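Take 1 as the starting number for the sequence shown in the UniProt record's numbering and just add one per residue.
Using N, Cα and C, we set each Cβ at its ideal position, and we do this for glycine too.
Values in this document were obtained by computation on a predicted structure and should not be read as measured data.
Everything below concerns the one structure shown next.
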Amino acid sequence: MIVTVTLNPSLDLTYALSEPALGAVDVHRAVSATVEASGKGVNVSLTLRRAGHNTVAVLPVGGATGRHLAELLAAEQLAHATVPVPGDTRINTSLLLGSGRTIKVNGPGTELRSGDVDRLLGEVATVLSRLGRSASGPDEPSWLAVCGSLPPGVAPTVMGALVDLAHGHAVRCVADVSGPALGAALAAGADLLAPNGLELGQLLGVDLHAAPLVDIARAAVGVARAEGPELLVSLGADGALFTDGSSILHGSGPVLVPVNTAGAGDAFLAGWLAVPGTSEERMARALAFGRSACLSPHTVDPHPGSQGWDGITVTNVTQQLEEGN
Ligand SMILES: O=P(O)(O)OC[C@H]1O[C@](O)(CO)[C@@H](O)[C@@H]1O
């Protein structure tokens, strides 16, 4: 059972355009438009739910957009706990271009006051306590996944409170956050960090954008060895890396032409968390979930058996890395 926390949820409005690029004209007419419940933790929960796994999503909701978001979660029969907040839940926009490129515009999100944050933390504690008391086996909470940006008014120290809550309930904590929140999650002792290459570089104060795989792998191993967490680094078309500090795996698949890349990282993380198993098994499932999300116009869509599941390879590259030293 995975409990997700999304401090900055959204409605995702996705427009598909027939044009391969923006710029030639100022007005674009979409060929289709969809509105979906979203935000990174919400997407992790939706992926798990659609793949038949148990999950609870905890999130703040506000205004008409927040009501719509909660209705969409209820329609999916996704277990969720909401904390009402004064502002409107944001709307994020995705533009799917005819070339396969996705352009995202994310709103800053609605401000949370300290009382809102306290109530949200209280809700997380309630969900973890309730599940811990009533469930056993696969329904016992195994991970608290804290995902996405921090909205205005929320300090990175919230990560420490969430990691402590998870550990206080004997639950592991994974953080898919960026910037100062990622540093705070690391300092607080999160068990697994799930940055992309760019975010890992920002954590270390180095530029890993478009860096060779070996440099990103060394950076990840360095963090795991020095600070203790496992790292799952998503690299878009280059696949992903996982390290526990002693070994490092690289997973990838054949080149694909994406339809919608928004949410692929969330689906990837959901695949990793979904079922216990070896790191190799988790990596293969994570890539299958992430890649099938890319091939669907929907934000997340694990879609077993889709083209996204084909041709995935997972290689232990520890020796290669050591030999390169
Ligand atoms: O919290 P952030 O970083 O703004 O990200 C939220 C966005 O990320 C996604 O989960 C994935 O791109 C979107 O669906 C969502 O709109």
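- Under the three-state reduction of DSSP, isoleucine 216 is assigned to helix.
- For alanine 262, the CB contacts under 6 Å within the same chain, skipping 5 residues up- and downstream, are Ser94, Thr102, Lys104, Thr299 in chain order.
- When C-alpha distances from alanine 166 are compared across Asp88, Ala75, Glu123, the shortest belongs to Glu123.
- At least one heavy atom of ligand 1 lies closer than 8 Å to the C-beta of threonine 299.
- The beta carbons of proline 9 and valine 42 sit about 5 Å from each other, so the pair counts as a contact at 8 Å.
- With a cut-off of 8 Å, the C-beta of glycine 263 is classified as near ligand 1, since at least one heavy atom of the ligand falls inside that distance.
- Taking all protein chains shown into account, arginine 285 has 16 or more neighbouring C-beta atoms within 10 Å of its C-beta and is therefore buried.
- Residue pairing by DSSP places glycine 251 opposite Ala240, Val314 in a beta bridge.
- Residue environment analysis places threonine 126 among the exposed positions, since fewer than 16 neighbouring C-beta atoms fall within 10 angstroms of its C-beta.
- Annotation: the continuous beta strand (DSSP E) that includes aspartate 176 extends over 172-176.
- The criterion of a C-beta distance shorter than 9 Å is satisfied by proline 60 and threonine 89.
- In the structure shown, the three-state DSSP call for alanine 264 is helix.
- With contact defined as three or more Cβ pairs closer than 8 Å, the segment 299-316 and the segment 28-47 are in contact.
- Closest in alpha carbon position to glycine 109, among Pro152, Trp143, Gly100, His68, is Pro152.
- Taking 4 residues as the shortest admissible run, the segment 44-89 contains the following complete alpha helix (DSSP H) segments, listed from N- to C-terminal end: 63-75.
- Taking all protein chains in view, the Cβ of alanine 274 is crowded by 16 or more other Cβ atoms within 10 Å, so the residue is classified as buried.
- Beta-bridge annotation (DSSP): valine 233 is paired with Leu241.
- Between glycine 308 and glycine 115, the alpha-carbon positions lie close to 43 Å from each other.
- Spatial neighbours of leucine 112 in its own chain (CB-CB distance under 8 Å, excluding positions within 5 residues in sequence) are listed in chain order as Leu7, Pro60, Val85, Leu120, Pro151, Pro152, Gly153, Val154.
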